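Reviewing the structure listed below.
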């Protein structure tokens with residue numbers, strides 16, 4: 138029997154690895170899109186182009202709430218998105234959108250148990266995400282993950298338009314225990330340089346580090362390039378679903394980003410993870426010895 142590696146530092150992707158981001162995004166945005174299309178009799182294809190413009194401007198597929206910049210709507214129609222109460226829902230279109238984002242977000246089965254297992258053993262857990270820090274903070278608080286992940290490396294937030302109305306005070310979603318290290322705007326994976334910087338920050342030998350992610354061409358490729366144990370979270374890779382098709386249609390990626398993605402995807406067939414998790418992160422408990430991170 139092969140001897141198990143001692144793991145002191147777990148670095149993990151967040152979206153579609155810890156929580157099901159794509160399911161949440163689709164079940165909120167697709168309804169938002171449909172409501173606007175039906176209420177104002179506007180072709181969805183036209184709205185999709187409009188939203189894509191906004192997403193690219195703010196470099197995020199979650200900037201749909203900046204609907205005031207939709208070119209296909211009049212000022213009056215934009216106002217109705219936040220004022221007109223929908224029949225049978227008792228909510229405005231905007232309120233429904235926010236509610237769906239909140240209520241359809243969930244962690245994958247076994248994720249909380251796995252993170253608690255690591256916490257009990259004193260293992261340091263670090264997140265590394267492409268999502269803006271605000272969204273990561275919101276999800277950490279909403280999903281009761283505050284403290285289960287010690288630190289998150291995330292790009293700093295994009296600048297909101299001056300006329301945007303906040304529904305919560307700034308700092309409302311700031312975690313208490315989970316700390317944040319801000320990366321440059323539009324940080325994208327694979328980025329082995331940042332991954333190596335994270336490992337260096339904790340001073341852990343690479344043989345005692347694992348990196349977990351759901352994308353072969355970004356997460357696993359990056360971990361392999363950095364020389365750490367790569368874990369492929371296969372359960373989170375949903376690129377063949379209808380949800381991903383809509384995401385592609387309204388992507389915030391520029392043409393150059395798309396070319397970059399195609400280039401890295403061509404490497405996918407030759408990218409092999411150290412281990413593959415089929416259904417739950419709990420599977421990793423039998424693969425490694427998770428031990429206390431000394432001095433952390």
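Residue numbers (this note's numbering): 138 to 433.
For glycine and all other residues, C-beta sits at the position ideal for the given N, C-alpha and C.
Bear in mind the structure is a predicted one, so any value in this text is a computation, not a measurement.
Taking the C-beta atoms as reference points, residue 351 is found nearer than 8 Å to residue 374. When the Cα atoms are used, residue 240 and residue 354 turn out to be separated by approximately 30 Å.
About 19 Å separates the CB atoms of residue 294 and residue 328; that is not less than 8 Å, and the two are not in contact. For residue 369 and residue 428, the gap between their C-alpha atoms comes out near 21 Å. Under the DSSP assignment, residue 292 falls outside any alpha helix (DSSP H), being part of the beta strand (DSSP E) whose first and last residues are 288-292. Put simply, of 272, 210, 309, 278 the residue whose alpha carbon is nearest the alpha carbon of residue 292 is 272. In the displayed model, residue 168 falls within a helix according to three-state DSSP.
Pairing residue 422 with residue 251, the inter-Cα distance amounts to about 8 Å.
The alpha-carbon separation between residue 425 and residue 332 amounts to approximately 21 Å.
DSSP places residue 265 in the strand class (E or B) of the three-state scheme. Among the bridge pairs identified by DSSP, residue 158 is matched with none.
With contacts defined by Cβ atoms closer than 8 Å, residue 343 and residue 365 form a contacting pair.
With a cutoff of 8 Å on beta-carbon distance, residue 277 and residue 248 are scored as not near each other. In the DSSP assignment, residue 347 falls within the unbroken beta strand (DSSP E) covering 346-350.
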